[in-house]
Each structure stands twice: as structure tokens, then as C-alpha cells.
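Same order as they appear, the protein sequences are chains A and B.
No gaps in the numbering here: position 132 of the first sequence is 132 in UniProt numbering, and each next residue is one more.
No gaps in the numbering here: position 42 of the second sequence is 42 in UniProt numbering, and each next residue is one more.
For each residue, glycine too, the CB sits at the ideal point set by N, CA and C.
This report refers to the structure that appears directly beneath it.
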Amino acid sequence: MGYLDSILFAILLIIGFGYFFINIKKITRNINLGTPINRKDNPKARSKNMAMIALGQSKMVKRPVAGILHIIVYAGFIIINIELLEIIIDGLFGTHRVFAFLGTFYNILIASFEILALLVLVAVFAFWIRRNSIKLKRFIHKDLNGFPKKDANYILYFEVVLMSLFLLMNASDLHLQNIPGGFSHFIKAGSFPVSQFIQPLFNGVSSELVMLLNELFWWLHIIGILIFMNYLYYSKHLHILLAFPNTYFADLNAKGQLSNLESVTNEVKLMMDPNADPYATPVVDANVVPSKFGASDIQDLNWVQLLNAYTCTECGRCTSSCPANLTGKKLSPRKIMMDTRDRIEEVGKNIDANKGIFVPDNKSLLNDYITPEELWACTSCNACVEECPVNISPLSIIIDLRRYLVMEQSAAPNSLNTMMTNIENNGAPWQYNQQDRLNWKNE
Amino acid sequence: MSEVLIVPTMAEMLSQGKQPEVLFWVGCAGSFDDRAKKITKAFVRILNRANVSFAVLGTEESCSGDPAKRAGNEFLFQMQAMTNIEVLNGYEIKKIVTACPHCFNTLKNEYPELGGKYEVLHHTEFLKSLLDDGRLTIEGGQFKGKRITFHDPCYLGRANNVYEAPRDLIKKLDVELVEMKRSRANGLCCGAGGAQMFKDAEPGNKEINIERTEDALETKPDIIAAGCPFCNTMMTDGIKNKEKEGQVKIMDIAELIANAQDL
Numbered sequence: 001m002g003y004l005d006s007i008l009f010a011i012l013l014i015i016g017f018g019y020f021f022i023n024i025k026k027i028t029r030n031i032n033l034g035t036p037i038n039r040k041d042n043p044k045a046r047s048k049n050m051a052m053i054a055l056g057q058s059k060m061v062k063r064p065v066a067g068i069l070h071i072i073v074y075a076g077f078i079i080i081n082i083e084l085l086e087i088i089i090d091g092l093f094g095t096h097r098v099f100a101f102l103g104t105f106y107n108i109l110i111a112s113f114e115i116l117a118l119l120v121l122v123a124v125f126a127f128w129i130r131r132n133s134i135k136l137k138r139f140i141h142k143d144l145n146g147f148p149k150k151d152a153n154y155i156l157y158f159e160v161v162l163m164s165l166f167l168l169m170n171a172s173d174l175h176l177q178n179i180p181g182g183f184s185h186f187i188k189a190g191s192f193p194v195s196q197f198i199q200p201l202f203n204g205v206s207s208e209l210v211m212l213l214n215e216l217f218w219w220l221h222i223i224g225i226l227i228f229m230n231y232l233y234y235s236k237h238l239h240i241l242l243a244f245p246n247t248y249f250a251d252l253n254a255k256g257q258l259s260n261l262e263s264v265t266n267e268v269k270l271m272m273d274p275n276a277d278p279y280a281t282p283v284v285d286a287n288v289v290p291s292k293f294g295a296s297d298i299q300d301l302n303w304v305q306l307l308n309a310y311t312c313t314e315c316g317r318c319t320s321s322c323p324a325n326l327t328g329k330k331l332s333p334r335k336i337m338m339d340t341r342d343r344i345e346e347v348g349k350n351i352d353a354n355k356g357i358f359v360p361d362n363k364s365l366l367n368d369y370i371t372p373e374e375l376w377a378c379t380s381c382n383a384c385v386e387e388c389p390v391n392i393s394p395l396s397i398i399i400d401l402r403r404y405l406v407m408e409q410s411a412a413p414n415s416l417n418t419m420m421t422n423i424e425n426n427g428a429p430w431q432y433n434q435q436d437r438l439n440w441k442n443e
Numbered sequence: 001m002s003e004v005l006i007v008p009t010m011a012e013m014l015s016q017g018k019q020p021e022v023l024f025w026v027g028c029a030g031s032f033d034d035r036a037k038k039i040t041k042a043f044v045r046i047l048n049r050a051n052v053s054f055a056v057l058g059t060e061e062s063c064s065g066d067p068a069k070r071a072g073n074e075f076l077f078q079m080q081a082m083t084n085i086e087v088l089n090g091y092e093i094k095k096i097v098t099a100c101p102h103c104f105n106t107l108k109n110e111y112p113e114l115g116g117k118y119e120v121l122h123h124t125e126f127l128k129s130l131l132d133d134g135r136l137t138i139e140g141g142q143f144k145g146k147r148i149t150f151h152d153p154c155y156l157g158r159a160n161n162v163y164e165a166p167r168d169l170i171k172k173l174d175v176e177l178v179e180m181k182r183s184r185a186n187g188l189c190c191g192a193g194g195a196q197m198f199k200d201a202e203p204g205n206k207e208i209n210i211e212r213t214e215d216a217l218e219t220k221p222d223i224i225a226a227g228c229p230f231c232n233t234m235m236t237d238g239i240k241n242k243e244k245e246g247q248v249k250i251m252d253i254a255e256l257i258a259n260a261q262d263l
């Protein structure tokens, strides 16, 4: 490769990575729109979760077919990216297979990349069949109508193109390496168990043209990767990065434990304090915004819930195990996460358009995206939380939105209001007198 | 029934200067619901048989606040919680057992932050510990050889990872324990959780308890074992809907153990 190529390549890299980092910054800012919550305790348990669940894919394999296919694509993705390092160095310095000096080890590496690339192609094909031909219920669910369905396929096509280019690149390289007496700078290096079968494609083609094609494949491959990297932000595919922090910062408590609202604790303590002066003038701090109970919009959710939304891959395992959704109710835990992300993006764009300040748009996550009907259908059974391969909790968002409906708007269904009135009046969800609590003993 | 159940209250215990080994938290369903009261009594019979020193709060007990919390009413929940904690701490309670997974979860996980720190056990865990300590023996009796499937309550299973204690107890009855296609961590909710018990379901094409009852009936059981008064109600309704109440019984694990020994 010439001098000019190297410069062009460097510029491409800078643009690709530059744009990527701009988007990462945007995601970070948006996640920080959420309220604080301490998830830095117990780093040991958190690291273990990340190692087991994100790196080790332990929850993916609970559904073995999808799990194993996913591991292939995931391993392929990570391992083939080692090869990317060589590709980038070759591109920047005009070298050819700069790691070839590793000898046998290099051959093993290249051979395993090739086999993985082939396996990835097979897995991606199976994924495509599952989505488009077998039409698994969770993939044709109405949650995914429109862009999300296309997005999922785009990712698969991307993988096919990238893996094919990688193999074509190797095949043309091998062809040039094999030209008797050597050709240009194509030294013999690497072992090509897969692309050796593609190589015959170039038989009878002039060596100059093959070299040109080789360069073309090389360029398309690296450009493809840069585009893919930048497509992440717009797609459901951010999980390849965010699964790691998401599993690290996930709730460590028992699944049944809902947070106790501290703002409520303070109020209740004051109410129950016999020494509190009911006529005292409340101390008002002008700088403190009066706390809102529950959440009606994304700024009321905590940052981990927002991270959850960006991490969601829309796989729909949650929805496919949700008792409400299974019985035809509107609630879909996956939609809760997708709606949350859509609303974060909307708020983010609003902030971008208004020089860093959010200008109220008369919309909110509650009602405009998620309806009370969906929220009230939840049985809080934790099936969605259990199912999520990356420890997202749709339930925590549902509960926070319910809290707003009940505590800020008194908008619970009537039957629930009756239940709550009963608890207030007689300490049971039904209308029984507390004095009768032990009557069963003598019945 | 003219049976004599020994059910001391904490107040009575205190007046005699005694502290029981464990507090039995009966819960609202266990106190008032006709079906659940039978579970409460069955559990008490076992406690009496095993000579467990226990007490109840009686009229000093109040709703744990679980349905209010799950409905979103954090105020009401915390008021209930703090009132209960005052009573429990007043009696210096250390250990609580309850036959309701909802009370169990709330007392165990949500009370500590509000000042109520106790060792909380589901009745199946407690019975298992009695069994392990040799204080309780379990025989199959009338249930020997029956086909029993166990429905995991969400707030016992997924919420708190208790899957084995109820199964260990059932196996002691010399029965054939069959698993539903969705069980343990994959168990399907009965439809009552998250305050659903107290409201009508949203529009859909099926009731959740029917879906779950179908899971259970697929195993062709003689008995569906439950560990939660609400699941019990939902499954009983499901069985009625399927017109199988003649063939299939819904029983709490405490009832299975008590009835097997004709307690």
C-alpha cells in the first residue's frame, strides 16, 4: 500500500472512531439524565455477575439453541476483532500481515479466525431463518413492527457481509501468496482452512486484478466495520458494549425486594412521631425541588434503569414469559424498555436542539409511551427479570410508574383503591375487623 | 370442629414472661379467607404436634403492606410496615415464620431497611428445618403413591430462590412428584401477584390462572400442591373453571403434611 493509502486510512479511522465517541458521549449524557442510585457497593459480586452473565453468557444458554448460536457469533465477534488489530496496523504502516513473524502460532490464529468466520455465517443464517422463515413468536410480535424488525435483519446482513469480505480477503491473499516465485509483497503467511476453497475463484484472473480485488476487499471490510460500529447507537445492538456495565450495575438484592422510597420514609416517620409539632412551619429550602413520588418521565427513573433501556436487545424473552402478555394483555416488558429508550432519545434530541437545556414538550414516558392499562396488567412475578440475559429489570420501571399514578395522581383502578382503603381502615385488604383476626382459632 | 388448637398470642406469652421460639405471622388471607384459614390451622396442628413454642400477634397483627406497595402506594406500605415493626420490635421478635410468600418476601426483604430485622422463613422452610432436626416426622398416609405437582409461588421461588424446601417436603410423603413444563425459575405466575388479587384483569384473551391450571393439568395430577394462599385461590378457581374439582385437589403443603398424619 502506498503512502496516500495510509493517510486516507488514518483519516477514515479518525472519522469512524471520532463519530463513535461523539455518540458514546451522547449516550453517557442521556443515561446521566436519570436520578442517582448507588450501585458501586460489593464490587466482588458485581464483577462476578459481569464475568458470568455478560462474558460467560450464562443466562443466554437457558434457551440452548439461541444460546449456542449466540455464543458462536459472540466469540466470532470478539476473536475476529483480534485480527482487526493486524488489519489496522497493516493499513496504517503499509505492511502485509505484520504478525506473520509469530510463525506456527500465527497460522493457528488465522486458521481459527477462518473457522469462526464460517461458523458465524452458519449461525447468522440460522438466526435469519428463525426470524424470517420459522417466524418465532417473539420475533414477529407487534413490539417490533417497523424499524426494530428491519434493524434486527440489518445486523444479520452486516455480519454476512463482514464475514464474507474477511474470507474473500484471505482467499485473494492466499491466491497471491501461491503464485510461483512470489508476487509483490505477498509473503507466505497464515493457514486458510476455509478460504482455500474460495481461492479457486481467482484462477485464470490476472494477478494484478486479484491484487486490486484484495485491496478492495480489505477496504470494504474495514469500512464495513467502522460503519457497523457507528450503526450501534441507532440500533438495538448496543448490548455488545453495554451488556458489561449493565450486568455490573444490576440490582444485587433478592428479586422480590422493591426499593423503599426514602422520601416517603421521611414523611411517614414524621407522621408517626408523637413529638412532632403538627403546626410547625415546614422548613423550606428554596434550592430543593420538592420530591416527586414515583416516575412519570425518564428524568425520574434512576440511571441504571436508563442504562437498561439502552442495553436492551429486544430479544423478547421477557415478553415471551410474561403471564400478562401470554394471556393477551397489552403489557409487554420488552415494549416498556423500548419505549423508555425512545423517550430518552426524544429528550436527548430536545436537549441537543435547545443548547443543552430540556424544554418541556408536553409529553412524558407515562401516557404518551406507556399506558396505565399496560402497567396495571403486571403481576410483579419477576419472570421478565429472570429471563433477561443481561439482567434488565422492566419490573422496576413498571413499579415506579405505578407509584406516580397512585401517589401523585390517585389514579389507581377503583378496586385497588377499595383494597387500599381497607388496609388503611382495618389493616387488611378486605373489609374485616382487625379485632377478628384470631377468630379462626375457634371456628 | 371441636378440636383444640393451642395458639398463644404474644401478649399472653409476655404476661407469662415467656418468649416463643418463633412468631407465626398469619397474614390477612390466613386470618380471614375461608380457604386460607384451613391452611393456617393445618400449620398450627403441625406446630402443636412438633411441640414448637410459637405465638401469633392476633389482633395486633396488621397487613404487611405488600399489596399496597405493589400497587404503587409506598406511603401506605411504609405506614403499615412501621406500625408492624413497632409491634414486632416491642416484643423483641427474632424469628418469624409465615405461610404467605407475599408477607414472607416483604418482611424478609423490605422491612430491614425500615428497622425491622428478623430471620424470616416461609412455612415450608421452617417445616423442612423441623424435619432435618428430627422434631417432625412426615408420613405419606392417605397420599402415598399419589401424583402431585407443585406450583412455585413467584414470591417464594423467583423472588427469593426457595425451590427445594417445598419439594423436599412433598417427596417425604411417598408420592410421585411431577414437574410442570414451566417450573422453578421458569414457573408461571398464578395471576394474583402485584395486587392483581384485588382487581379485575385487564382486557386480554385468557385469564392467567386458566393458563397456569392448564400447565398443572398437563401433568395429570391427583393433587396440585401450593405454598401460597393466593395461588391456592387462583388454582382452585382454575380447576373449577375446567370442571375438574372432582378429580384434582389443590392443597397447601402444610395441609398435605397435616392430613397425611390425620392431624
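Just tell me which of Pro153/B, Ala216/B, Ala81/B, Gly90/B has its CA closest to the CA of Ala11/B. For the purposes of this step, residue 11/B is taken as residue 11 along the second sequence, with counting starting at 1. Of Pro153/B, Ala216/B, Ala81/B, Gly90/B, the residue nearest in Cα terms is Gly90/B.
CA-CA distance, Lys441/A and Asp34/B? In the first sequence, residue 441/A corresponds to position 441, counting from 1. In the second sequence, residue 34/B corresponds to position 34, counting from 1. Going by the C-alpha atoms only, they are around 12 Å apart.
Give the residues from the stretch 421-432 of chain A that approach chain B closer than 9 Å (Cβ to any Cβ), ordered along the chain. Residues Asn422, Ile423, Glu424, Asn426, Gly427, Ala428, Pro429, Trp430, Tyr432.
Under DSSP, the beta strand (DSSP E) around His70/A begins and ends at which residues? In the first sequence, the residue the question calls residue 70/A occupies position 70. Membership of His70/A in any beta strand (DSSP E) is not indicated; the residue belongs instead to the alpha helix (DSSP H) covering 64-93.
Does Thr213/B come within less than 9 Å of chain A when only Cβ atoms are used? Residue mapping note: residue 213/B aligns to position 213 of the second sequence, counting from 1. It does not; no Cβ of chain A falls within 9 Å.
Please list, in chain order, the chain A residues whose beta carbon lies closer than 7 Å to that of Arg70/B. Numbered from its first residue, the second sequence carries residue 70/B at position 70. Ordered by position in chain A, the residues that pass the 7 Å Cβ test against Arg70/B are Ser380.
Under 7 Å between beta-carbons, which chain A residues line up against Lys206/B? List them in chain order, please. Numbered from its first residue, the second sequence carries residue 206/B at position 206. Near Lys206/B (Cβ distances below 7 Å), the residues of chain A are Thr327, Gly328.
Amino acids of chain B, ordered along the chain, whose beta-carbon sits closer than 9 Å to that of Gly294/A: Position 294 of the first sequence, counted from the first residue, corresponds to residue 294/A. Residues of chain B passing the Cβ test: Gly72, Glu74.
Among the candidates Glu176/B, Ala185/B, Ile239/B, Gly30/B, whose CA atom is the shortest distance from the CA of Glu207/B? Position 207 of the second sequence, counting from 1, holds the residue named residue 207/B. Comparing Cα-Cα distances from Glu207/B to each of Glu176/B, Ala185/B, Ile239/B, Gly30/B, the minimum goes to Ile239/B.
Reducing DSSP to helix, strand and coil, say where Ala51/A ends up. Residue 51/A sits at position 51 when you count from the first residue of the first sequence. In the structure shown, Ala51/A sits in a helix (DSSP, three-state: H, G or I).
Met229/A, enclosing alpha helix (DSSP H) - first and last residue: Position 229 of the first sequence, counting from 1, holds the residue named residue 229/A. Met229/A -> alpha helix (DSSP H) spans 207-231.
Between the C-alpha atoms of Ser183/B and Ala258/B, what's the straight-line distance to the nearest angstrom? Position 183 of the second sequence holds residue 183/B. Position 258 of the second sequence holds residue 258/B. Approximately 25 Å, taken between the alpha carbons.
What are the boundary residues of the beta strand (DSSP E) that includes Leu23/B? Residue 23/B sits at position 23 when you count from the first residue of the second sequence. Judged by DSSP secondary structure, Leu23/B falls within the beta strand (DSSP E) whose first and last residues are 22-25.
CB-CB under 8 Å to Arg167/B, same chain, minus the five flanking residues each way: which ones, in chain order? One-based indexing of the second sequence puts residue 167/B at position 167. Within its own chain, the residues whose Cβ lies closer than 8 Å to the Cβ of Arg167/B, once the five positions on either side in sequence are excluded, are Phe150, Leu177, listed in chain order.
Here's the rule: buried if 16 or more other CB atoms are within 10 angstroms of the residue's CB, otherwise exposed. What is Arg158/B? Here the question's residue 158/B lines up with position 158 in the second sequence. Buried.
Asn38/A at chain B interface by Cβ criterion, 9 Å: Here residue 38/A corresponds to residue number 38 of the first sequence, with the count starting at 1. Chain B contact via Cβ: absent.
Could you check whether the Cβ of Pro229/B sits closer than 9 Å to any Cβ belonging to chain A? Counting from one through the second sequence, the residue named residue 229/B turns up at place 229. Not closer than 9 Å to any Cβ of chain A, the Cβ of Pro229/B fails to qualify, so no.
Any C-beta of chain B sitting closer than 9 Å to the C-beta of His268/A? For the purposes of this step, residue 268/A is taken as residue 268 along the first sequence, with counting starting at 1. His is not the amino acid found at residue 268/A; the sequence shown has Val there. Yes, its Cβ sits closer than 9 Å to a Cβ of chain B.
May I ask which residues mark the beginning and end of the beta strand (DSSP E) holding Leu121/B? Reading the second sequence from its first residue, position 121 is the one you call residue 121/B. That run of the beta strand (DSSP E) goes 119-122.
Indicate the three-state DSSP secondary structure (helix, strand or coil) for Asp151/A in the structure shown. The count along the first sequence starts at 1 and reaches residue 151/A at position 151. Looking at Asp151/A - three-state DSSP - the assignment turns out to be helix.
Just reading off the beta strand (DSSP E) that Phe150/B is part of, what are its end residues? Working through the second sequence from its first residue, we reach residue 150/B at position 150. Residue range 147-150 is occupied by the beta strand (DSSP E) that includes Phe150/B.
CA-to-CA distance, Ala117/A to Pro360/A, given in whole angstroms: Residue numbering aside, residue 360/A sits at position 360 when the first sequence is read from its first letter. Residue numbering aside, residue 117/A sits at position 117 when the first sequence is read from its first letter. Pro360/A and Ala117/A have their alpha carbons spaced roughly 48 Å apart.
Please tell me whether Lys142/A has its Cβ less than 9 Å away from any Cβ of chain B. As a first step, residue 142/A must be located in the first sequence, where it is residue number 142. In terms of beta-carbon proximity, Lys142/A stays away from the interface with chain B, with every pair separated by 9 Å or more.
With a threshold of 16 other CB atoms inside 10 Å of the CB of Tyr234/A, please say whether the residue is buried or exposed. The count along the first sequence starts at 1 and reaches residue 234/A at position 234. Label assigned to Tyr234/A: exposed.
Comparing the C-beta of Arg138/A with each C-beta of chain B, is any distance below 9 Å? Position 138 of the first sequence, counting from 1, holds the residue named residue 138/A. Not one chain B Cβ lies under 9 Å of Arg138/A.
Opening and closing residue of the beta strand (DSSP E) in which Val304/A lies: Translated into the one-based positions of the first sequence, residue 304/A becomes position 304. For Val304/A, there is no enclosing beta strand (DSSP E); the enclosing alpha helix (DSSP H) covers residues 303-311.
Taking only beta-carbon positions, decide if Arg158/B is within less than 9 Å of chain A. Taking the first residue of the second sequence as position 1, residue 158/B is located at position 158. A Cβ of chain A is located within less than 9 Å of the beta carbon of Arg158/B.
Strand pairing of Met251/B, partner residues [DSSP]: Reading the second sequence from its first residue, position 251 is the one you call residue 251/B. Note: Met251/B sits in a beta bridge opposite Ala225/B.
Are the C-beta of Trp440/A and some C-beta of chain B separated by less than 9 Å? On the first sequence, residue 440/A is found 440 positions in, with the first residue counted as 1. Trp440/A counts as touching chain B.
Could you give the residue range of the alpha helix (DSSP H) that holds Thr98/B? Here the question's residue 98/B lines up with position 98 in the second sequence. For Thr98/B, there is no enclosing alpha helix (DSSP H); the enclosing beta strand (DSSP E) covers residues 95-98.
Minimum Cβ-Cβ distance from Ala309/A to chain B less than 9 Å: What you label residue 309/A is simply residue 309 of the first sequence in a count that begins at 1. It does not; no Cβ of chain B falls within 9 Å.
So with Cβ pairs under 9 Å, would you call Leu366/A a contact of chain B? One-based indexing of the first sequence puts residue 366/A at position 366. With 9 Å as the cut-off, Leu366/A does not count as an interface residue toward chain B.
Between the alpha carbons of Pro64/A and Ile72/A, how many angstroms are there, rounded? As a working mapping, residue 64/A is identified with position 64 in the first sequence. As a working mapping, residue 72/A is identified with position 72 in the first sequence. Roughly 12 Å separates the two Cα atoms.
For chain A, check one thing: does any of its Cβ atoms lie closer than 9 Å to the Cβ of Val178/B? Start at 1 with the first residue of the second sequence, and residue 178/B comes out as number 178. Val178/B has a beta carbon lying at 9 Å or more from every beta carbon in chain A.
Along the stretch 12-30 of chain B, what residues have a CB closer than 8 Å to any CB found in chain A? Only Val26, Cys28, Gly30 from the stretch 12-30 of chain B bring a Cβ to less than 8 Å from some Cβ of chain A.
Contacts around Asn302/A, its chain only, beta-carbon distance under 8 Å, and the 5 residues preceding and following it disregarded: Stepping through the first sequence from its first residue, residue 302/A is reached at position 302. Cβ within range, chain order: Gly34, Thr35, Pro36, Ile37.
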